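First the structure, in the form of structure tokens, and then the observations on it.
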Amino acid sequence: MRRKVIFVCVSVFPLLLGAGAPAKTVGFSQIGFENSWRTAETESIRAAAAERGIKLAFSDAQGKQENQIKAIRSFIAQKVDGIILAPIVETGWEPVLREVRKAKIPLVLVDRGIKVSDPSLYATLIASDFVFEGSEAAKWLAKKMNGKGTIVELQGIPGAAPAIDRKKGFEEILKKYPKMAIIKSQTGNFNRTDGKQVMEAFLKAEGRNINALFAHNDAMALGAIQAIEEAGMKPGIDILIVSIDGMKEAFEAMIAGKLNCTVECNPLLGQLVVNAIERAMAGEKLSKWIKQNDGVFPKETAVSAIGTRKY
Ligand code: GZL
Numbered sequence: 222m223r224r225k226v227i228f229v230c231v232s233v234f235p236l237l238l239g240a241g242a243p244a245k246t247v248g249f250s251q252i253g254f255e256n257s258w259r260t261a262e263t264e265s266i267r268a269a270a271a272e273r274g275i276k277l278a279f280s281d282a283q284g285k286q287e288n289q290i291k292a293i294r295s296f297i298a299q300k301v302d303g304i305i306l307a308p309i310v311e312t313g314w315e316p317v318l319r320e321v322r323k324a325k326i327p328l329v330l331v332d333r334g335i336k337v338s339d340p341s342l343y344a345t346l347i348a349s350d351f352v353f354e355g356s357e358a359a360k361w362l363a364k365k366m367n368g369k370g371t372i373v374e375l376q377g378i379p380g381a382a383p384a385i386d387r388k389k390g391f392e393e394i395l396k397k398y399p400k401m402a403i404i405k406s407q408t409g410n411f412n413r414t415d416g417k418q419v420m421e422a423f424l425k426a427e428g429r430n431i432n433a434l435f436a437h438n439d440a441m442a443l444g445a446i447q448a449i450e451e452a453g454m455k456p457g458i459d460i461l462i463v464s465i466d467g468m469k470e471a472f473e474a475m476i477a478g479k480l481n482c483t484v485e486c487n488p489l490l491g492q493l494v495v496n497a498i499e500r501a502m503a504g505e506k507l508s509k510w511i512k513q514n515d516g517v518f519p520k521e522t523a524v525s526a527i528g529t530r531k532y
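Sequential numbering from 222 applies to the sequence shown in this note's numbering.
Listed below in structure tokens is the structure:
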């Protein structure tokens, strides 16, 4: 009996047409997970990359610059199409960025700037204005303290752009108020645990001589709030507290009356970053700084604002 052979002709042609260009691969060297701000930033960038069909090769440097440099070298070896770098500190990047440029891979900086002799080593920086954030914190505090009193300061990571520039902005304003003085200043490494420990030391040394705390971020301020309470004092009342980031936990602390003001530093940079790397990979020339805008949130705004907070 003759067997009937049926040919199923599946044209692959439309499939090939529909396939389009292959997905781009972008290496993302992230600092680590030191606090909820960093987590919010990472999630924002992951989501934006996924939305645009970009494959993200993610590297967590666990807070070490040498791990970021290693990750960048591995991205070069993988021949990625683009690189996103959140640089933990401002210096030490020139050699590896020259290797990136030699490999003709576009690189964008996110959330922290760097100091290099040749700005063409990166396509653009997507970040907030940290000098603005520091000066807004000082303006608010000067008003609240009627231009006089003692301040202790919890600084961010030594050498990091936000730590350097927040301090710079804060001190520029303080020059106008000779009766306001920073009496203690030390790093709390942008994390809650270190912020608490350093505040404990400040309280031991200065106790009730402290009128206010300026914390370079909310995570350290929340640690300091714990230390102030454990010392039998009332945070937000005995010691005024102004911090930076605008995290939801900061709004909760303001509603509880324990924090007096937070200056926003919006971590939701995903859309801006992915848009920038796509344009850089397409060969477009970008402005050297794409600025994230931030607001100032005193305690009185906390109840009405908390519902709108996305991080
Ligand atoms: C700012 C960012 C800072 C945040 C901190 O862009 O680099 O690092 O203010 C975070 O909370 O640790």
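Ideal Cβ placement from N, Cα and C applies to all residues, glycine included. Every value quoted in this text rests on a predicted model; they were computed, and no experiment measured them.
Per-residue DSSP class, three states only, for residue i
i	result
Ser265	helix
Ile297	helix
Lys389	helix
Gly248	strand
Asp439	helix
Lys512	strand
Gly491	helix
Ser338	coil
Lys531	coil
Glu311	coil
Ser356	helix
Leu461	strand
Pro519	strand
Ser535	Any answer about residue 535 is impossible in this case: the structure gives the chain only from 222 up to 532.
Lys364	helix
Glu287	helix
Pro379	coil
Leu318	helix
Gly241	coil
Ile347	strand
Ala433	strand
Ile304	strand
Lys276	strand
Where the alpha helix (DSSP H) containing residue i begins and where it ends
i	result
Ser525	523–526
Thr414	413–427
Ala471	469–476
Contacting residues, own chain, Cβ-Cβ under 7 Å from residue i (five flanking each side not counted)
i	result
Gly457	Gly478, Lys479, Leu480, Asn481
Val301	Thr246, Val247, Gly248, Ala278, Ile326
Arg500	Leu507
His509	Residue identity differs from the one stated: residue 509 is Lys in this sequence, not His. Around Lys509: Pro340, Thr345, Leu346.
Anticipated Cβ contact below 8 Å, residue i with residue j, distance rounded
i	j	result
Thr371	Ile394	Actually they do not touch by this definition, with Cβ atoms about 16 Å apart.
Ile476	Ile527	7 Å
Ile498	Val329	5 Å
Phe435	Gly390	Not confirmed; about 11 Å, so no contact.
Ile460	Met454	6 Å
Tyr398	Ala363	5 Å
Gly284	Ile252	6 Å
heavy atom of the ligand GZL below 6 Å from residue i C-beta
i	result
Cys486	yes
Pro383	yes
Arg333	yes
Asn438	yes
Trp258	yes
Glu521	no
Pro411	Just to set this straight, residue 411 is Phe in the shown sequence, not Pro. True, at least one ligand heavy atom lies under 6 Å from that Cβ.
Glu320	no
First and last residue of the uninterrupted beta strand (DSSP E) at residue i
i	result
Met401	401–408
Glu537	Residue 537 is absent from the model: the chain starts at 222 and stops at 532.
Cys486	Taken as a continuous stretch (DSSP letters only), Cys486 belongs to no beta strand (DSSP E), as it is neither H nor E.
Same chain, Cβ closer than 6 Å to residue i, five either side skipped, listed in chain order
i	result
Ala249	The question names Ala, but residue 249 in the sequence shown is Phe. Excluding positions up to five away in sequence, the list reads Leu277, Phe279, Ile305.
Ala261	Pro488, Tyr532
Glu374	Ile403, Ser406, Phe435
Asp339	none
Gly516	Glu485
Ile335	Pro308, Glu311, Trp314
Sequence-distant residues of the same chain with beta carbon closer than 8 Å to residue i, five excluded per side
i	result
Gly428	Ala452
Met222	Low per-residue confidence applies at Met222: pLDDT is 47, beneath 50, and the placement is therefore not dependable enough to give any value.
Ala381	Ile309, Val310, Glu311, Arg333, Phe411
Arg319	Leu342
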